[in-house]
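The sequence shown begins at 0 in numbering that gives the first Met the number 0 and counts up by one. We treat Cβ as the ideally placed atom computed from N, Cα and C, and that holds for glycine. Input: a single structure, listed below in structure tokens.
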Amino acid sequence: MDENGESQTSELDGHHEITTTGKKKRVKRLRSQFALQAVKGGLFKYWLQRYLLFSRFDDGIKMDEEGWFSVTPESIARHHASRCGNGIVIDCFTGVGGNAIQFAMKSSHVIAIDINPQKIEYAQHNASIYGVNDRIDFVVGDFFQMACQLKGDTLFLSPPWGGPDYAKFVTYDIRSMLKPHDGYHLFKIAKTVASKVVMFLPRNVDLNQLAELTLSLNPPWELEVEKNFLNGKFKAITAYFKCTAT
Numbered sequence: 000m001d002e003n004g005e006s007q008t009s010e011l012d013g014h015h016e017i018t019t020t021g022k023k024k025r026v027k028r029l030r031s032q033f034a035l036q037a038v039k040g041g042l043f044k045y046w047l048q049r050y051l052l053f054s055r056f057d058d059g060i061k062m063d064e065e066g067w068f069s070v071t072p073e074s075i076a077r078h079h080a081s082r083c084g085n086g087i088v089i090d091c092f093t094g095v096g097g098n099a100i101q102f103a104m105k106s107s108h109v110i111a112i113d114i115n116p117q118k119i120e121y122a123q124h125n126a127s128i129y130g131v132n133d134r135i136d137f138v139v140g141d142f143f144q145m146a147c148q149l150k151g152d153t154l155f156l157s158p159p160w161g162g163p164d165y166a167k168f169v170t171y172d173i174r175s176m177l178k179p180h181d182g183y184h185l186f187k188i189a190k191t192v193a194s195k196v197v198m199f200l201p202r203n204v205d206l207n208q209l210a211e212l213t214l215s216l217n218p219p220w221e222l223e224v225e226k227n228f229l230n231g232k233f234k235a236i237t238a239y240f241k242c243t244a245t
């Protein structure tokens, strides 16, 4: 306002308007591209949930086809981060970075691993949108081959569930359905890396198998099983394992 209390518009205001308009056009173009990709890939229902996956989706989030149905919804990833503390968190199957981003907002250090270079590229890009890429070490590699060199406070595991077809089964068997290795082998390796292991699994997972994992150890580890809901719908199970030995 001027000294008479009247509004004034500067050249900078006009430039800002042009910039904002340009951004809106870019966002609209990206939306159209993603929508077309989703429809072609039979993933339209995931497209409709895009803001549940990443609240900042319109800022340029990058996803591959698998990312649409495998990334942890942001609110659940945020909850995982609140449960995992502020130490060193290792995200072993980071995908496009949904969990790693939220871990970086809470933890002192995050190591994000994926065997697929493109996923790591997307995860790093997405982390930059949230302003946390400098808090994450992104690593292209096979967790199973790297495990002997890793040490952290919490190991987070969201291994491939085998695609959306997991929901067709009454019970999800971690021995035969988890990829690339079965859940028992995965846990055996994980417990050598950190004293806390968190597994994000399908909602129909066999809970008896999770109990078997901890009871197979001497002394047994503590196990907490948590149901995760999204918009009132039962989405997944998170299993928290903790070493009780002193």
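Quick check on residue i: buried or exposed, where buried means 16 or more other Cβ atoms within 10 Å of its Cβ?
| i | result |
| --- | --- |
| asparagine 217 | exposed |
| asparagine 227 | buried |
| threonine 170 | exposed |
| threonine 71 | buried |
| glutamine 208 | buried |
| serine 107 | exposed |
| glutamate 223 | exposed |
| glycine 231 | exposed |
| alanine 166 | exposed |
| phenylalanine 257 | No answer is possible for residue 257: it lies beyond the span of the chain, which begins at 0 and ends at 245. |
Following the continuous beta strand (DSSP E) through residue i, name the residue where it begins and the one where it ends.
| i | result |
| --- | --- |
| asparagine 227 | 221 to 229 |
| phenylalanine 155 | 153 to 156 |
Do you know how far the Cα of residue j is from the Cα of residue i?
| i | j | result |
| --- | --- | --- |
| alanine 80 | leucine 212 | 23 Å |
| phenylalanine 68 | phenylalanine 199 | 14 Å |
| glutamine 101 | glycine 66 | 16 Å |
| lysine 190 | valine 196 | 7 Å |
| serine 215 | cysteine 91 | 23 Å |
| alanine 210 | isoleucine 236 | 14 Å |
| glycine 140 | aspartate 152 | 20 Å |
| tyrosine 50 | isoleucine 60 | 10 Å |
| alanine 99 | isoleucine 128 | 13 Å |
| histidine 15 | aspartate 172 | With a pLDDT of 33 at histidine 15, under the threshold of 50, the modelled position of that residue is not reliable, and the figure given next carries that caveat. Spanning the two alpha carbons is a distance of roughly 55 Å. |
| arginine 174 | lysine 44 | 29 Å |
| leucine 11 | tyrosine 121 | Residue confidence is low: leucine 11 scores 31 on pLDDT, short of 50, so the model does not pin down where it sits. Its coordinate-derived value is still stated next. For leucine 11 and tyrosine 121, the distance between alpha carbons rounds to 34 Å. |
| isoleucine 112 | threonine 93 | 6 Å |
| alanine 126 | glycine 97 | 8 Å |
| threonine 243 | leucine 185 | 20 Å |
| isoleucine 131 | arginine 55 | Checking the displayed sequence, the identity of residue 131 turns out to be valine instead of isoleucine. Roughly 13 Å between the two C-alpha positions. |
| methionine 62 | lysine 187 | 31 Å |
| glycine 41 | tyrosine 183 | 32 Å |
When DSSP builds the beta bridges, which residues end up paired with residue i?
| i | result |
| --- | --- |
| isoleucine 135 | Val109 |
| leucine 200 | Ile236 |
| valine 88 | Val109 and Thr153 |
| tyrosine 171 | Val204 |
| lysine 241 | Lys195 and Glu221 |
Taking residue i and residue j to be in contact with their CB atoms under 8 Å, please state how far apart those CB atoms are, rounded to whole angstroms.
| i | j | result |
| --- | --- | --- |
| phenylalanine 137 | isoleucine 119 | 5 Å |
| leucine 149 | valine 192 | 5 Å |
| glutamate 221 | lysine 234 | So it is not a contact: roughly 24 Å between Cβ atoms. |
| lysine 178 | proline 159 | 5 Å |
What is the residue span of the alpha helix (DSSP H) that residue i lies within?
| i | result |
| --- | --- |
| threonine 213 | 206 to 214 |
| leucine 51 | 49 to 52 |
| histidine 79 | 73 to 83 |
| isoleucine 60 | Element bounds for isoleucine 60: n/a, residue is neither H nor E. |
| asparagine 125 | 116 to 128 |
| glutamine 144 | 142 to 145 |
| leucine 42 | Element bounds for leucine 42: n/a, residue is neither H nor E. |
For residue i, decide whether its Cβ has a neighbour in chain D, counting only Cβ atoms nearer than 8 Å.
| i | result |
| --- | --- |
| threonine 213 | You won't find chain D in this structure, because it holds only one protein chain. |
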